[in-house]
Each structure stands twice: as C-alpha cells, then as structure tokens.
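Colleague: Pasting a structure below so you can have a look.
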Amino acid sequence: MEQIEKDKIIERQLRFQELLISISTKYINSDLSDIDKLIRESLQQIGTFVESDRSYIFSYDFKNNTTSNTYEWCAKGIEPEIDNLKDIPIGFITQWLDAHKRGEAFFVEDVSKLPKDGEHGLRAILEPQGIQSLITIPKIKNNELIGFIGFDSVKKINKYNDNEKDILFVFANMLVNVIQRKEQEERIKEQEKKKEELLHNLSLQNEELNEYAHVVSHDLKAPLINIHTMVGWFMEDNKALLTKNHLVPLKHILFNVEKMDFLIKGILDYSAIDRKKTEETQVDFNILVNEILKTLLIPEHVTIIVQDNLPKIYGNASRFKQVFQNLIQNGVKYSNEDKGTVNIGFTENKDHYEFFIKDDGIGIKQDYFERIFKIFTKLESTSSSSGIGLSIVKKIITYYKGTIWLESEVGVGSTFYFTLPKR
Ligand code: ADP
3 MEQIEKDKII
13 ERQLRFQELL
23 ISISTKYINS
33 DLSDIDKLIR
43 ESLQQIGTFV
53 ESDRSYIFSY
63 DFKNNTTSNT
73 YEWCAKGIEP
83 EIDNLKDIPI
93 GFITQWLDAH
103 KRGEAFFVED
113 VSKLPKDGEH
123 GLRAILEPQG
133 IQSLITIPKI
143 KNNELIGFIG
153 FDSVKKINKY
163 NDNEKDILFV
173 FANMLVNVIQ
183 RKEQEERIKE
193 QEKKKEELLH
203 NLSLQNEELN
213 EYAHVVSHDL
223 KAPLINIHTM
233 VGWFMEDNKA
243 LLTKNHLVPL
253 KHILFNVEKM
263 DFLIKGILDY
273 SAIDRKKTEE
283 TQVDFNILVN
293 EILKTLLIPE
303 HVTIIVQDNL
313 PKIYGNASRF
323 KQVFQNLIQN
333 GVKYSNEDKG
343 TVNIGFTENK
353 DHYEFFIKDD
363 GIGIKQDYFE
373 RIFKIFTKLE
383 STSSSSGIGL
393 SIVKKIITYY
403 KGTIWLESEV
413 GVGSTFYFTL
423 PKR
C-alpha cells in the first residue's frame, strides 16, 4: 500500500476516534434527561462517518425470542424501517445471533452474494430493504447479550476494516453504559419519589393520629369533670349520712377520676407538640429554670444545684419549660431518699448545647433506657406517675432537632442528657 493511502487510513481512524471521544464526552456531561435525542444524534454522527445510510439499535428479548428496533437514524432519501422491525422472531436471523452470542460482529459485505435460502432467510430479509452491506455489533451488559447496533449501506457496498470494527465495539459499549446509567438514575429517582410519598403519608397519618388523640382526650374531659363534680356534690350533700364505709370507695372514685384527668392532660400536651404552631422567642434558660424551681414542690431532703449562666435559646418558652420541668421533677421524685441532690447544667459545643439533669437516686436498669421514653411507660406504679412525662420531653427535643439519652446505674443515680441546636 502506498504511503499516502496509509496516511489516509490513519488520519481517518484518528478522526473516528475523535468523534467517539466527543460523543462519550457528551454522554458523560449530559444529565441524561433527553437521552433518546442524544442517542439518535450519535447514531447519525457514527452512521454518517462510516458512510452508511441507516444506523440503528435493536434489543433482544430472549423471553419471547424476538428482537425489536428501538432507535434508528436514516440518511436523506432512505426509508425508515423502525416501525416494520418490532418483535421480529430471532429465528429469522440465527446467523447474526450466533455471532453476537460469541461476542463477535456480524458483517455482510455484499448482500447479493448471500445464498438464496428461502423466504425467511437472511437475504430475503435484507434485500427488500435495499441493503447492500451491513454490519451489526453486539451490545453486551454484564456478560449478557442485550441487543446490537447496526449500520446498513443502501447506496453502495461498504467495507469495514478491523480498526473500524473495534471502534464500533467501543461505541456499542458506550451505549450500554449510558443506558445503564440512565436506568440507574431513573431507579434512584423512583426510589426517592417513593420515599418522599411514604414520608408524606407518614406525616399525614401522624397528624391525623395527633388530631384524633386531641379530640378524644378533649371529649373525655367533660364527662370526667361531670363525674367529679357529681360525686363531690353527693358527698357534700350527704355529709351527715355517709359513714367511713361509704367514704372510702367514693374517695377512691375521686382519686381515679383525678388520675384520669392527669393522664388526659398528658395526652393533650403530647398531641399538641407538633399540632399547633407556637410563638418562638429567645428564651433565657436561667429565668426559665428559676421559675420552674419556684413552682415545684421540693422536699426538704433534696438540694437542687443549677449551673450559672445557662444559655439563651430560640424557641417556645412553654415547651422548653415542659422539658426541664419533667426532667427536674423526675430527678426530685426518684432522688436519694435520705439526702438527694439534683444537678442541672450544660456544656457548649460548636453547633449545639448539651444539657444534663443529674440525680443520685434509684437509677434505671439499662434494659429500660429506650423504653422509658415511650408513652405510658412507667417502671413503678405510683399514683402520681403517668408514664407520659419523658415521652413529651423526647417529642419536644426531637421537634427542635435535638437528641436525648441517659446514663444511669441502679442505686447510684441517673443523668438525662439532651441537646438543642444553636439557632
Ligand atoms: P412518670 O414519671 O410520670 O411516670 P415519665 O415518662 O417521666 O413518667 O417516666 C417514665 C418512667 O421512667 C418513670 O415511671 C420512672 O420509672 C422512670 N424514671 C424517669 N426518670 C427517672 C429518674 N430520674 N430516676 C429513676 N427512674 C426514672
């Protein structure tokens, strides 16, 4: 071969490689929202370069043993075939299927030289489409044959050298990758959509449940007050007649009605946390804790120590109050029976404050560390406990995007920690 001819071939190969690089760059940089257009464009570019008149992509369906044309580009004046080439039985193209299964290209340089092998033979399929030469390259995804790309030459006989074939293989691979990427992105989008829907439904259900709890507790309160009032009146009106035997069960009724009222108040408080928007201000925790300590009944034997200079945090004062009140109240309630101390303090971190309420009381078994934050969980059945306090605390802290946990040792004491982000 003459040098000029060799140079021409090399120069053509270089241009082919450059074209491929430019297509692959487009694939990489595209957000794949219009992948169909992208694929059609590249079919045109490669088709034109290899001087074919029609380029196309087929996918194999080995469940139904068919193959279908999914993308096509046709040069000017060439009839599109895509609509005629859907669900073609692969039995008609066994020759090229066999080649593809071996991972090889299937190449016919001159269709007119193919044997005349009946109406379902290859020649009978290609000739009516006016095809003179054809090359098809398998598309292989994860070692699995999934389809092929092909180039028809209608106007003239076309030859492909080994180097060109190699480049076409690279192109087929690129197509597999870009389609795979698109499928993965769609799957991720689909999953994200499902997740969002799930979260949305969950939050709706949560709202409904809160609303339900609120309405039910609210409606329960009226008859309860009625019972309390009636029993009270009855006791008052019949003071002279009632003996101790009468009074004990009546007082028991009143006690239980009060307990139920306390529980209902707890449920109402719990359901109110994310039900209603509340006024938010800069809350000074020094003032807040001071106010709480003034209203709490603190027995003689318990000392409360509060760290100086508690921070100011933006939020709703009465919610923050509920948090401290419940935790301090528990600290006092479960503190050392002879001489108890409850310590209240905090540490400051980069983006949040960490508070602690520490007592030296009965302590909690590690098995219960998670459970005590669940509504209605109480470890001891005393009349004054409802098992709601800590669940309210946790709900408020979670509402403000903080976390709550504890350290405790039975007989030594408990420390409840919670964080509140700086805002
Ligand atoms: P309540 O105190 O009204 O029963 P809480 O939700 O505040 O409800 O607490 C749940 C349970 O956790 C309590 O019944 C108690 O058994 C246990 N608990 C809470 N705080 C402490 C504490 N500081 N020390 C020991 N046990 C505690």
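Just so we're aligned, residue 3 is where the sequence shown starts under the working numbering, counting upward by one. Note that the Cβ used here is the ideal one computed from N, Cα and C, for glycine as well.
Nearer than 7 Å: is that true of the beta carbon of residue 372 relative to any heavy atom of the ligand ADP?
Modeller: Walking along the sequence shown from the start, residue 372 turns up at place 370. No.
Colleague: I'd like the span of the alpha helix (DSSP H) that includes residue 423, first residue to last.
Modeller: Within the sequence shown, the letter at position 421 stands for residue 423. Careful: residue 423 lies outside any alpha helix (DSSP H), inside the beta strand (DSSP E) at 415-423.
Colleague: Going by C-alpha distance, which of 101, 63, 217 and 75 is nearest residue 91?
Modeller: For the purposes of this step, residue 91 is taken as residue 89 along the sequence shown, with counting starting at 1. Among 101, 63, 217 and 75, the Cα nearest to that of residue 91 belongs to 63.
Colleague: May I ask you to check if the CB of residue 328 is nearer than 7 Å to at least one heavy atom of the ligand ADP?
Modeller: Residue numbering aside, residue 328 sits at position 326 when the sequence shown is read from its first letter. Yes.
Colleague: Which ranges does the alpha helix (DSSP H) cover as unbroken runs of at least 4 residues, wholly within the stretch 255-334, from first to last along the chain?
Modeller: DSSP runs (the alpha helix (DSSP H)) wholly in the stretch 255-334: 287-297.
Colleague: Going along the chain, which residues of its own chain have a beta-carbon closer than 6 Å to the beta-carbon of residue 101, five neighbours each way excluded?
Modeller: Within the sequence shown, residue 101 is the residue found at index 99, counting from 1. Contacts found: 108.
Colleague: Measure from the alpha carbon of residue 354 to the alpha carbon of each residue in 380, 199, 399 and 182, then state which is nearest.
Modeller: On the sequence shown, residue 354 is found 352 positions in, with the first residue counted as 1. Ranking 380, 199, 399 and 182 by Cα distance to residue 354 puts 399 first.
Colleague: For residue 370, does the count of other Cβ atoms within 10 angstroms reach 16, so buried, or fall short, so exposed?
Modeller: On the sequence shown, position 368 is the one that residue 370 refers to. Answer is exposed; the Cβ neighbour count stays below 16.
Colleague: With a threshold of 7 Å, establish whether the CB of residue 307 neighbours any heavy atom of the ligand ADP.
Modeller: Here residue 307 is taken as the residue at index 305 of the sequence shown, counted from 1. Answer for residue 307: no, Cβ out of range of the ligand ADP.
Colleague: Does DSSP put residue 125 in a helix, a strand or coil?
Modeller: Translated into the one-based positions of the sequence shown, residue 125 becomes position 123. Of the three classes helix, strand and coil, the one that applies to residue 125 here is helix, per DSSP.
Colleague: Are residue 377 and residue 366 close, meaning C-beta to C-beta below 8 Å?
Modeller: One-based indexing of the sequence shown puts residue 377 at position 375. One-based indexing of the sequence shown puts residue 366 at position 364. No, these two residues do not count as a Cβ contact at 8 Å.
Colleague: What does the Cβ neighbour count give for residue 177, buried or exposed, with the cut at 16 atoms within 10 Å?
Modeller: Translated into positions along the sequence shown, residue 177 becomes position 175. Per the 10 Å Cβ criterion, buried.
Colleague: Once you ignore the five residues that flank residue 165 on each side, which residues in its own chain have a CB closer than 6 Å to its CB?
Modeller: Translated into the one-based positions of the sequence shown, residue 165 becomes position 163. The answer, listed in chain order, is 15.
Colleague: Less than 6 Å between C-beta atoms, sequence neighbours within five positions excluded: which residues of the same chain meet that for residue 409?
Modeller: The residue you call residue 409 lines up with position 407 of the sequence shown. 417, listed in sequence order.
Colleague: Compute the Euclidean distance between the alpha carbons of residue 271 and residue 245, then round it to the nearest angstrom.
Modeller: Walking along the sequence shown from the start, residue 271 turns up at place 269. Walking along the sequence shown from the start, residue 245 turns up at place 243. When rounded, the distance between both Cα atoms is 39 Å.
Colleague: On the three-pair Cβ rule with 8 Å, is the stretch 240-256 touching the stretch 185-201?
Modeller: Cβ pair count under 8 Å is below three, so no.
Colleague: Excluding sequence positions up to five away, which residues of its chain have a Cβ less than 6 Å from the Cβ of residue 406?
Modeller: Taking the first residue of the sequence shown as position 1, residue 406 is located at position 404. So the list reads 396, 399 and 420, once near-sequence residues are dropped.
Colleague: Rounded to whole angstroms, what is the Cα-Cα separation between residue 98 and residue 180?
Modeller: In the sequence shown, the residue the question calls residue 98 occupies position 96. In the sequence shown, the residue the question calls residue 180 occupies position 178. Whole-angstrom Cα-Cα distance: 24 Å.
Colleague: For the ligand ADP, is there any heavy atom lying closer than 7 Å to the beta carbon of residue 393?
Modeller: Position 391 of the sequence shown, counting from 1, holds the residue named residue 393. Yes, since a heavy atom of the ligand ADP falls inside the 7 Å radius drawn around the Cβ of residue 393.
Colleague: Leaving out five residues before and five after residue 426 in sequence, what residues of the same chain have Cβ atoms less than 7 Å from its Cβ?
Modeller: In the structure displayed, the chain extends from 3 to 425; residue 426 sits before or after that span and is not available.
Colleague: Sorted by chain position, which residues of the same chain lie with C-beta nearer than 6 Å to residue 425's C-beta, five sequence neighbours on each side aside?
Modeller: Here residue 425 refers to the residue found at position 423 when the sequence shown is read from its first residue. Excluding positions up to five away in sequence, the list reads 316.
Colleague: Below 7 Å CB to CB, which residues in the same chain sit around residue 141 once its five sequence neighbours on both sides are set aside?
Modeller: Counting from 1 along the sequence shown, the entry for residue 141 is found at position 139. 148, 149, 150, 151, 174, 177 and 178, listed in sequence order.
Colleague: Note down the Cα distance separating residue 146 from residue 65, rounded to an integer number of angstroms.
Modeller: Along the sequence shown, one-based indexing puts residue 146 at 144. Along the sequence shown, one-based indexing puts residue 65 at 63. Distance between the alpha carbons of residue 146 and residue 65 is about 14 Å.
Colleague: Over the uninterrupted beta strand (DSSP E) stretch that includes residue 56, give me the two end residues.
Modeller: For this step, residue 56 is matched to residue 54 along the sequence shown. Start and end: 56-63.
Colleague: From residue 60 to residue 83, what distance separates their C-alpha atoms?
Modeller: By one-based count along the sequence shown, residue 60 stands at place 58. By one-based count along the sequence shown, residue 83 stands at place 81. Cα-Cα distance, rounded: 12 Å.
Colleague: Since residue 343 and residue 305 should fall inside the 8 Å C-beta cutoff, what is the C-beta to C-beta distance between them, to a whole number of angstroms?
Modeller: Here residue 343 refers to the residue found at position 341 of the sequence shown. Here residue 305 refers to the residue found at position 303 of the sequence shown. At roughly 5 Å, the Cβ-Cβ gap stays under 8 Å, so residue 343 and residue 305 are in contact.
Colleague: For residue 242, count neighbouring Cβ atoms within 10 angstroms of its own Cβ and tell me buried if that reaches 16, exposed if not.
Modeller: For the purposes of this step, residue 242 is identified with residue 240 of the sequence shown, where counting begins at 1. Residue 242 comes out exposed.
Colleague: Under 7 Å Cβ to Cβ from residue 126, same chain only, skipping five residues before and after it: list those, please.
Modeller: Here residue 126 refers to the residue found at position 124 of the sequence shown. For residue 126, where only same-chain residues beyond five positions count, the Cβ hits under 7 Å are 120.
Colleague: Shorter than 7 Å, the distance from the beta carbon of residue 273 to the closest heavy atom of the ligand ADP, or not?
Modeller: As a position in the sequence shown, residue 273 is number 271, starting the count at 1. It does not: the Cβ of residue 273 is nowhere closer than 7 Å to a heavy atom of the ligand ADP.
Colleague: Return the CA-CA distance between residue 311 and residue 288, expressed in angstroms with no decimal places.
Modeller: Translated into positions along the sequence shown, residue 311 becomes position 309. Translated into positions along the sequence shown, residue 288 becomes position 286. Cα-Cα distance, rounded: 7 Å.
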